[in-house]
Amino acid sequence: MPHIRSVKLELLRHGPPHNQLISPLTRYMGLSGRHEPVTVTLPYEQQDVLTLLRALRYGEKDTPTRRAQIREISVAMGQIMEKVPGLIADLSLDGDEAFVQLRLVFSASELALLPFEMADAARGFPGEGSPLALQQEVPVVMTREIRGADGRVQPWATRPRILFAAAAPPGVGTIPFKAHLLALREAVGPWLPRASAHESPTERLSPFLTIMPSATLAQIQEACAEGSYTHVHILAHGVPHPDASEVRYGLALCDDTNPSGMDVVDGKRLSAALRVKARGEGFSSPLVVTVASCDSGQQGSVVLPGSSLVHAVHNAGVPLVIGSQYPLTKTGSVTMVRTLYGGLLWGKDPRVCLYELRQQLRRQDRTTHDWGSLIAYASLPDDMESQLGEFRTIQAHRALTASMNRAHNLTERGIKGVDGDFTEVIDDIRHAISVMPDCDPKPDAPFLAAQDNRIAKLCILGSAEKRQAQALYLQHNENKSPEAPRLPDDALLSLERALTFYRRAAAINAHAHWPGTQVLSLSMFLRYYKTKKMELETPLWSFLDASARFDLHHPDPSQRLWACSNLAELHFLALVAGPLRPGDPRPSPEHFITRLLEEAPTNAVQVIALRWQLHRYTHILRFDDTSASHAERLTNMLTGLSEENTTCEPISQAGQPAKSR
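If you use the numbering used here, the sequence shown corresponds to residues 9 to 669, in order.
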């Protein structure tokens, strides 16, 4: 995960936040890090600024003229930053740092009018002359924040649940509802359970995504009071508030009492709905609120007290609020939701997501300035990177479990001769494996330091690679062509990677007999596949057999069942390889399967896992006809058990099971 340096720029003045126009006579105090404070003045009068800002509202249809006006604004914003000398020194990378977060802190309403996000890099800054937020020499992500914002205390390693509230009341025009819904559906897709004939698409989505196609403020408040939403995405038009004496922008939601009416909701009312008292358990508080509307970040009038909608929501305690300071194109709004949620749900740092979003918006359409309209208020914890590391591990674990269950469903159909599309599930498994953090212990990652957790994570990765190999095998042989190779190269590579993960797990604790059994199994199979020699590592087998037998008396019933399961597989391998030593009795996997069935509760994961592991020996891990016959006979002893809602792979047998929170 990239390390991000945080740099704060504060511009402060005396007096209340409101009732101050922009003027060259107004003096601000500029603060950056530990550098000496400096005096900053603005080169414009209020009316001059308002005239320039009209270009950002697409009022000038002549694109070259509008570009020239935006260029003037960008240069002016960069020159303001240039007046704080310490900022130039701070905007640099050191060591393993990959990004700089420039935190803009303002106390004055008139400064919130200015589009600092569009500033050009001034003299001495990285990427001089190009937009500071887009240059790649030193990637800079700009966020705004409020002094004393309390969003920093909220934990980020929380199971995601999204509320999608959309509204297009009569008279405001259409909204890209379907495109946003599709983007959110794609974002939560890796964690969705396998489809069930008894469940509608909405029911399948409901634990992850709640949809309000014609949202009212009352509905949003009721949903936030009843459900713990970590993310709220609002799609609506931004319109001037009809009751405000000065210009203020709000969201055009549907009216609670009049189906054909419109309710223009300002930041205070929206904040009250999002942070409602929930069941006597304190105030609800999403981690992220994204507002896809025009002018949600627009300050409006500076004369009277008040602020933009996203400013008000952030001030109410939401750690991250993202909106648009100026008109937002429909295409840009779709890119916004796809890029943000496609990264946030995987545990990508939101600051990196913001940087990538600006880059994407810039590449997408050079005739618009959605990239500069984007505004983000952020108040993030000091240990953000550590929290996101834990969250990314948990999310990758959940995605692997979900994708392996979907692969399990397809595998069962494929074994029965029913064709299925394995491409999507294989891609899901690969992506989940790629984002799983390294399981080596690190000083800044204490949640991976414990032996059992490290073994569990490595075994998850091993199981995922094994499941991927099985899906690749079945996909390759769907045409049942007799000349098709039995095991494609990519499946073979997956098995070799699985062996590597299991070996790393077994090296942490040699007495953890499940990863050891998988090492024995995969080593034996890969050696046979390449050399046609049936060789069992007898010392390792004997050690694992003794370790598993010892756990037959473990005080935890679950560990006793895992011991039975592993002993059944160990004795199957011994049966296939032949006698370990002359005069040894014939291995009896049946004995341990019978004991497992006697002691295991209905639908025990140990039984299901053993059944599918033995079934692999009939196809992807097939040694020869004799071994496949033995495996099929043992599998039949375990058939007839319901597998609905049961994970097809054990998550951990090493110490405490890995938990899906």
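Even for Gly, the Cβ is constructed at its ideal location relative to N, Cα and C. Here the structure is a predicted model, which means the values were calculated and not measured.
_Quick check: what's the CA-CA separation for ASP429 versus ARG438?_
Going from the Cα of ASP429 to the Cα of ARG438 covers about 16 Å.
* Quick one: measure Cβ to Cβ for GLY380 and LEU317, integer angstroms, because I've assumed they're closer than 8 Å. => Not quite, the Cβ-Cβ distance comes to about 18 Å (not below 8 Å), so this is no contact.
Determine, using beta-carbon pairs with one atom in the segment 220-227 and one in the segment 166-176, whether at least three such pairs fall under 8 Å. yes
query = Taking just the CA atoms, how far does ALA320 sit from ASP102?
reply = 35 Å
Notebook entry, point to check: According to the Cβ coordinates, are MET126 and SER82 closer than 8 Å?
Noted result: yes
- Under the three-state DSSP convention, the category TYR36 falls into: The answer is strand: DSSP assigns TYR36 an E or B state.
Of all the options ASP271, ALA608, THR539, LEU575, which has the alpha carbon lying nearest to the alpha carbon of SER566?
ALA608
Pair within 8 Å by beta-carbon distance, LEU142 and LEU17:
no
Expressed to the nearest angstrom, what Euclidean distance is found between the alpha-carbon atoms of VAL92 and LEU119? 16 Å
* Indicate whether ILE441 and GLU398 have their beta-carbon atoms separated by less than 8 Å. => no
With distances taken from CA atoms, which of LYS538, ILE12, ILE463 is nearest HIS519? ILE463
Query raised in the report: Under three-state DSSP, which class holds ASP128?
Result: strand
Original post:
Where does TYR52 fall in DSSP's three states?
Top reply: Three-state result, TYR52: coil.
- Query: Name the DSSP bridge partner or partners of MET270?
  - Reply: Answer by DSSP bridge pairing, in chain order: CYS262.
Exercise. Tell me, please, whether the segment 624-638 touches the segment 531-544 by the rule of three or more beta-carbon pairs shorter than 8 Å.
Key: yes
Once the 5 residues before and after HIS521 are set aside, which same chain residues still bring their CB inside 6 Å of it? LEU552, SER555, ALA556, ASN574
Report task. Using only the heavy atoms of the ligand GDP, determine whether one of them is closer than 7 Å to the beta carbon of ALA130. Result -> In terms of ligand content, the structure shown is empty, and the ligand GDP therefore cannot be addressed.
Which ranges would you report for the beta strand (DSSP E) in the segment 529-607 if only whole runs of at least 3 residues count? Runs of the beta strand (DSSP E) inside the segment 529-607: none found.
Tell me whether the beta-carbon of ILE12 lies closer than 8 Å to the beta-carbon of PHE133.
no
request  = Mind checking who VAL83 pairs with in its DSSP beta bridge?
outcome  = Answer by DSSP bridge pairing: none, since VAL83 is not bridged.
ask   = Any idea what DSSP makes of GLN144, helix, strand or coil?
value = coil
Could you pull out every unbroken alpha helix (DSSP H) segment of at least 4 residues lying fully inside the segment 296-346, listed in chain order?
-> 317-323
message: For ASP373, tell me which candidate among THR339, ALA386, GLU606 has the shortest Cα-Cα distance.
response: THR339
| field | Alpha carbon of SER4 to alpha carbon of ARG212, nearest angstrom | value | The requested residue 4 is not part of the displayed model; the chain covers only 9 to 669.
Practice prompt. Would you kindly check if the distance between the Cβ of VAL326 and the Cβ of SER293 is under 8 Å?
Written response: yes
Practice problem: Could you pull the start and end residues of the alpha helix (DSSP H) that ALA514 belongs to? | Solution: 497-516
**OP:** Pull up the CB-CB distance for LEU140 and ASP128, whole angstroms please, since I reckon it's below 8 Å.
**Re:** Going by Cβ atoms, the distance from LEU140 to ASP128 rounds to 7 Å, so yes, they are a contact pair.
query = If you compare alpha carbons, which of ARG346, LEU482, ASP460 is closest to LEU495?
reply = LEU482
Is the beta carbon of GLY470 closer than 8 Å to that of GLN403? no
Inset, instruction - Could you spell out the range, first to last residue, of the alpha helix (DSSP H) harbouring ALA120? - result: 117-120
Cα-Cα separation, ARG62 to GLN55:
11 Å
Under 8 Å between C-beta atoms of ALA244 and SER279: no
Given a cut-off of 8 Å, decide if ILE330 and THR298 are closer than it, judged by their beta-carbon atoms.
yes
- prompt: Residue range of the beta strand (DSSP E) that ARG13 falls in?
  reply: 11-20
### Task
Could you tell me whether the Cβ atoms of ALA477 and ALA506 are closer together than 8 Å?
yes
- Could you give the C-beta distance for VAL615 and LEU646, rounded to a whole number, given that I count them as a contact under 8 Å? 6 Å
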